[in-house]
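K.L.:
Heads up: the protein sequence lines correspond to chains A and B, in order. Position in the first sequence (from 1) plus 13 gives the number in this note's numbering. Position in the second sequence (from 1) plus 13 gives the number in this note's numbering. My structure is below; once you've seen it, I'll send some questions.
Protein chains: 2
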Amino acid sequence: MGKVVTGASMSLDGYVSGPGQSGFDRLFQWYGNGRVTVETADPGLTFQLTDVSAAHWRRLVAETGALVVGRKLFDFTEGWGGRHPMDVPVVLLSHSVPEGWPREDAPFHFVTDGGIERAVAVARDLAGGKNVVVNSGTMATQALEAGLLDEVGIDLVPVILGDGTPFFIAPADAPYTLEGPVSIAEGDRVTHLRYRVRYDD
Amino acid sequence: MGKVVTGASMSLDGYVSGPGQSGFDRLFQWYGNGRVTVETADPGLTFQLTDVSAAHWRRLVAETGALVVGRKLFDFTEGWGGRHPMDVPVVLLSHSVPEGWPREDAPFHFVTDGGIERAVAVARDLAGGKNVVVNSGTMATQALEAGLLDEVGIDLVPVILGDGTPFFIAPADAPYTLEGPVSIAEGDRVTHLRYRVRYDD
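Shown next as structure tokens:
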């Protein structure tokens, strides 16, 4: 069975976005500062990655079978137009099904009750043995609290944002102990780190 | 001339201490989980470091010529009994000179006006061309804001504390861009990272 993982580009001071949704130009700089062109399922979204970051991204895509996302990210991206850049099924955990959804042409699934446990279970069924990726921070925090999160990927970016949205939002029952990094890969203006969550501490 | 640097053990979510001064057992675990015994100037304080962390610590000590600290850290450690574990002069930046100080036997200096600029200048004079280390977060934040900070060392610890004291406390004029990591060293339950501050961004 695949793992349940989360990942984000994060500033040195722990933020996945700056105040008022700022800072993305810096946090996502590494998606555009390399010589390797990487296509996504979205024809309008192409990355220019360094060799290291391209290998990181391709591994992530190869390992991912389904996504669990929250309403904020879904609305912000307008449901990725019905097809996520990673081209995998998407499970939206939300209090209600957004207007205009579900759509027949889009592999999007809607969980309105049962919480993160139900959303992850639905995603597992869709993932075909691959990993379930839980994003963004709010969903990841809920998965962490529920004891469901196996791994945390941090794309650590050398910027101090000073304020904004933390990756993990005051998770209940903190502290949580992790193991690792189980891998480190240095890109340009990013260090890709992966950690394993250890719930027995 | 030496550099002005800061460093701290920090959780994955950016905290240098958990709620109510908690979390130090986890943040400082790497000071006690290795086979290399490292003495300090304080006979009561000995570390057990891994080879990697011992090399990291010895380099830090070798490069450090003076410290700038704030009142919170000074009071918390009771002025290190008059001798800092790194055995270098200490400059305290504080609104007032603490009771019982200065002491003839202790290389402690007190800056009560002129702010971080004055404290760093005094420390530079004492550092003999070596680095000035500015700790903890409040002082480091002021040095960052004043354009004085050359490097940031982060001993990144795989724990999610969820809340507490951030390394950098809402620095004015954020975001700040850094370069690097200029070095990465993997210890056991710690990754030693160093970044250079770039003020021209």
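Ideal placement from N, C-alpha and C gives every residue a C-beta, glycine not left out.
With a threshold of 8 Å between beta-carbons, can A/T63 be considered close to chain B, or not?
P.N.:
So no, A/T63 is outside the interface.
K.L.:
Taking B/V172 as the query, report the chain A residues whose CB atoms sit under 8 Å from its CB, ordered along the chain.
P.N.:
Those are P188, Y189, T190, L191, listed as they occur along chain A.
K.L.:
Identify the continuous alpha helix (DSSP H) that holds A/T125 and give its terminal residues.
P.N.:
Element bounds for A/T125: n/a, residue is neither H nor E.
K.L.:
Would you tell me roughly how many angstroms separate the C-alpha atoms of A/M99 and A/P56, rounded to the nearest one?
P.N.:
So the alpha carbons of these two residues sit roughly 12 Å apart.
K.L.:
Any C-beta of chain B within less than 7 Å: which residues of the stretch 44 to 71 of chain A qualify?
P.N.:
Listed by position along the chain: nothing, the set is empty.
K.L.:
Once you ignore the five residues that flank B/L25 on each side, which residues in its own chain have a CB closer than 8 Å to its CB?
P.N.:
Correct list, in chain order: L169, V170, P171, V172, I173.
K.L.:
Tell me which residues of the stretch 201 to 212 of chain B have at least one Cβ-Cβ distance to chain A shorter than 8 Å, keeping chain order.
P.N.:
Those residues of the stretch 201 to 212 of chain B that come within reach of chain A (Cβ to Cβ, closer than 8 Å) are T204, L206, Y208.
K.L.:
Kindly list, in the order they appear in chain B, the residues whose Cβ is closer than 9 Å to that of A/I197.
P.N.:
Chain B residues near A/I197: I197, E199, T204.
K.L.:
Opposite B/Q61 in the DSSP bridges: which residues?
P.N.:
Answer by DSSP bridge pairing, in chain order: B/T50.
K.L.:
Which residue from A/F123, A/Q61, A/E76 puts its Cα closest to that of A/F87?
P.N.:
Residue A/F123 is the option with its Cα nearest to A/F87.
K.L.:
For the stretch 133 to 157 of chain A, which residues have a CB atom closer than 8 Å to at least one CB atom of chain B, in sequence order?
P.N.:
Answer in chain order: L157.
K.L.:
For A/A198, list the residues DSSP reports as bridge partners.
P.N.:
Answer by DSSP bridge pairing, in chain order: A/H205.
K.L.:
Using a cut-off of 8 Å between C-beta atoms, extract the partners of A/I167 located in chain B.
P.N.:
Simply L25.
K.L.:
Are the beta-carbon atoms belonging to B/G83 and B/S149 less than 8 Å from one another?
P.N.:
Yes.
K.L.:
Report the neighbours of B/A183 on chain A: residues whose CB is nearer than 8 Å to its CB, in chain order.
P.N.:
Those are G175, D176, listed as they occur along chain A.
K.L.:
Assign A/S66 to one of three DSSP states: helix, strand, or coil.
P.N.:
A/S66: helix per DSSP, three-state reduction.
K.L.:
At the level of alpha carbons, what is the spacing between A/G175 and B/P115?
P.N.:
Each residue's alpha carbon lies about 35 Å from the other.
K.L.:
Counting only C-beta atoms, is A/P102 closer than 8 Å to chain B at any point?
P.N.:
Not closer than 8 Å to any Cβ of chain B, the Cβ of A/P102 fails to qualify, so no.
K.L.:
Determine the extent of the beta strand (DSSP E) in which B/G20 is found, giving its start and end residues.
P.N.:
Here the beta strand (DSSP E) through B/G20 covers 17 to 24.
K.L.:
Measuring straight from C-alpha to C-alpha, what distance separates A/W43 and A/G200?
P.N.:
Rounded to whole angstroms, A/W43 to A/G200 spans 7 Å at the Cα level.
K.L.:
May I ask you to report which of helix, strand or coil DSSP gives A/E76?
P.N.:
Residue state, collapsed to three classes: helix.
K.L.:
What beta strand (DSSP E) runs, 3 residues minimum, are completely inside the stretch 106 to 165 of chain B?
P.N.:
Listed in chain order, the complete beta strand (DSSP E) runs (minimum 3 residues) inside the stretch 106 to 165 of chain B are 121 to 124, 144 to 147.
K.L.:
Under 7 Å Cβ-Cβ, which residues of chain A neighbour B/F180?
P.N.:
Within 7 Å Cβ-Cβ: D26.
K.L.:
Would you check if the distance between the CB atom of B/V101 and the CB atom of B/G78 is smaller than 8 Å?
P.N.:
Yes.
K.L.:
By Cβ distance, which residues of its chain are closer than 8 Å to B/N163, with the 5 residues on each side in sequence left out?
P.N.:
Sequence inspection shows Asp at residue 163 of chain B; the Asn mentioned does not correspond to that position. For B/D163, where only same-chain residues beyond five positions count, the Cβ hits under 8 Å are K16, V17, V18, R209, V210.
K.L.:
Return helix, strand or coil for A/D168, following the three-state DSSP convention.
P.N.:
Strand at A/D168.
K.L.:
What are the residues of the stretch 85 to 116 of chain B that lie near chain A, defined by any Cβ-Cβ distance shorter than 7 Å?
P.N.:
From the stretch 85 to 116 of chain B, no residue has a Cβ closer than 7 Å to chain A.
K.L.:
DSSP three-state label for A/Y44, please.
P.N.:
Three-state result, A/Y44: helix.
K.L.:
Check the Cβ of B/G20 against every Cβ in chain A and list those closer than 7 Å, keeping chain order.
P.N.:
Result: empty, since nearest Cβ-Cβ is about 12 Å, beyond 7 Å.
K.L.:
Contact criterion: CB-CB distance below 8 Å. Does A/P120 meet it with respect to chain B?
P.N.:
A/P120 does not count as touching chain B.
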